[in-house]
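No gaps in the numbering here: position 149 of the sequence shown is 1327 in the numbering used here, and each next residue is one more. We treat Cβ as the ideally placed atom computed from N, Cα and C, and that holds for glycine.
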Amino acid sequence: MSVIDVLQKELEAEGQTTRNMLSRIPDDKYDWQPHPKSMTIRALATHVAELPSWIGMVMNTPELDFATAPYSPKVINSTQELLAYFEQTLAEGKAEFAKAQEESLTEEWTLRNGEIVYLSGSKYDMLRNTMSQIIHHRAQLGVYLRLLNVPIPGSYGPSADDQGL
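In structure tokens:
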């Protein structure tokens, strides 16, 4: 099994878990945030949903420079829109892995804002980082939903809600 195959398999598994979490967001809570320094559910969930699209960006470019490509997230107003967007980016990510060449994983990739470099490493490193970001921000979303008393789906086994606790 190649590294690309392993990443594809992981994306498939994380996609299902992410879909389950995103589907729990109540439509009337998109502007809610747990703290003034925290993102709104809209911003956080949109970021989770867009992350699979980073696979193509990493595979097809040498960098992302926010100074020349300012971040402008898609505006999402409902869970139906969110899930449709996630399915789109997930399909894009899977398609990129399907055509990826193993040797390209060693090429350098950088995330920056002009002269400020946030991350730099191999494309493989950045793909692993992208997968970690999906998991990290999905867990963050789980905390938001818990604070709103929304039942949390299990990720790598049953949640307390799944067990009826």
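Q) Using CA coordinates, which residue listed in F1275, V1295, E1259 is at the minimum distance from W1232? A) Position 54 of the sequence shown, counting from 1, holds the residue named residue 1232. W1232 has its Cα closest to that of F1275, out of F1275, V1295, E1259.
Q: Taking K1252 as the reference, give the member of V1226, S1216, S1310 with the closest Cα.
A: Here residue 1252 corresponds to residue number 74 of the sequence shown, with the count starting at 1. Of all alpha-carbon atoms in V1226, S1216, S1310, the one lying nearest the alpha-carbon of K1252 is that of V1226.
Q. For A1278, which residues from the same chain have a beta carbon less than 6 angstroms from its beta carbon, with the 5 sequence-adjacent residues on both sides left out?
A. Along the sequence shown, read from residue 1 onward, the residue named residue 1278 stands at position 100. Contacts found: I1182, M1237.
Q.
Using C-beta distances below 7 angstroms, list every residue in its chain close to K1207, excluding the 5 sequence neighbours before and after it, in chain order.
A. Mapped onto the sequence shown, residue 1207 falls at position 29. For K1207, where only same-chain residues beyond five positions count, the Cβ hits under 7 angstroms are I1219, L1326.
Q: Can you tell me the Cβ-Cβ gap for L1297 and L1305, rounded? I've got them flagged as a contact below 8 angstroms.
A: Position 119 of the sequence shown, counted from the first residue, corresponds to residue 1297. Position 127 of the sequence shown, counted from the first residue, corresponds to residue 1305. Rounded to whole angstroms, the Cβ separation of L1297 and L1305 is 12 angstroms, and the two are not in contact under 8 angstroms.
Q. Of all the beta strand (DSSP E) runs that stay within the bounds of the region 1236-1303, which reach a length of 3 or more residues?
A. List check, beta strand (DSSP E) in window: 1241-1243, 1286-1291, 1294-1300.
Q. Could you give the C-beta distance for S1180 and E1280, rounded to a whole number, given that I count them as a contact under 8 angstroms?
A. The residue labelled residue 1180 in the question sits at position 2 within the sequence shown. The residue labelled residue 1280 in the question sits at position 102 within the sequence shown. In this structure S1180 is in contact with E1280, their Cβ atoms being roughly 6 angstroms apart against a cut-off of 8 angstroms.
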